[in-house]
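The opening position of the sequence shown corresponds to residue -5 in the working numbering, with each subsequent residue numbered one higher.
By construction, the Cβ of each residue, glycine as well, lies at the ideal position given by its N, Cα and C atoms.
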Amino acid sequence: MSQQNDDTRDRKHDDSRRAFLVGAALGAAAGLVPEAQAQTHDAHATTGAAPHTMASGDSHGAFFNDQDAATITAFAERIWPAAPGRAGATEIGVLNYIDLALAGAYSDMQDFYRRGLAQLDAHCHATQHKPFVQLDAARQDDVIRALEQNKASGFDWPSAPLFFNTVRTHVMEGLFADPVYGGNKNFEGWRQISFPGGQPEFTQQDMQSRAAFTREPIVGLQARANGTVRGG
-5 MSQQNDDTRD RKHDDSRRAF LVGAALGAAA GLVPEAQAQT HDAHATTGAA PHTMASGDSH
55 GAFFNDQDAA TITAFAERIW PAAPGRAGAT EIGVLNYIDL ALAGAYSDMQ DFYRRGLAQL
115 DAHCHATQHK PFVQLDAARQ DDVIRALEQN KASGFDWPSA PLFFNTVRTH VMEGLFADPV
175 YGGNKNFEGW RQISFPGGQP EFTQQDMQSR AAFTREPIVG LQARANGTVR GG
């Protein structure tokens, strides 16, 4: 019975976090292009070439080693967890997005991530006797909450809240930026918040409707640069 209660509590916690983040997600999606990568996109917009190669949702290797990739994957999944019938951060390709960004537009943040991840695991070993990836979901949530509230020990630079806020921002970008940047695989992030992408036009019926926009295809930067319209 205790396990069942724990599972129910975890599901409610995941659902409430997802609902809270949807509002921020709509703003992130509306921007289409992460600010730090806008210049990279401009250089490719006329040719239709992607600024970096998209890969599978769990791909890495442009910057992260296997251990750090596993930690970021687990961290991102707790920020945007999977639910029945809904993909989480892992399947949507957040790791691939952050990995590519740190090898490109965010390369000046490589040391930030190295130090932050090292401090995260040091904190987990000191308080939980395990690295972050080996903790269960509830304990991972406790660690993330401690980071957010500046209650995690062992952090100097980056500070715990700064590390949390930065990673959360990059997770949101991986979920809701245009797929051309390596995340939002198959437009899944946009589908979950009913964001239509860069539609070339909206009908009068669309403009008057109060329902979520669901018409296919969803349009991304790559299709627009190529002069084509296609779905995920």
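Length of the line joining the Cα atoms of F57 and F189: 30 Å
Segment contact, 8 Å Cβ cut-off, at least three pairs: the segment 164 to 171 with the segment 181 to 188: yes
Short Cβ contact (9 Å threshold) for Q81 with L114: Before going further, note that residue 81 is Ala rather than Gln in the sequence given. No.
Residue of A120, G191, H54 minimising C-alpha distance to G148: A120
Buried or exposed by the 16-neighbour rule on C-beta atoms within 10 Å, applied to W151: exposed
T75, buried or exposed, once every other Cβ within 10 Å from all chains shown has been counted against 16: Contrary to the premise, residue 75 reads as Pro rather than Thr in this sequence. P75 is buried by the Cβ-count criterion.
Contact between the segment 60 to 79 and the segment 115 to 135 (3+ Cβ pairs under 8 Å): yes
G55 classed as buried or exposed, judged by whether at least 16 other C-beta atoms fall within 10 angstroms: exposed
Residues bridged to A77 (per DSSP): R80
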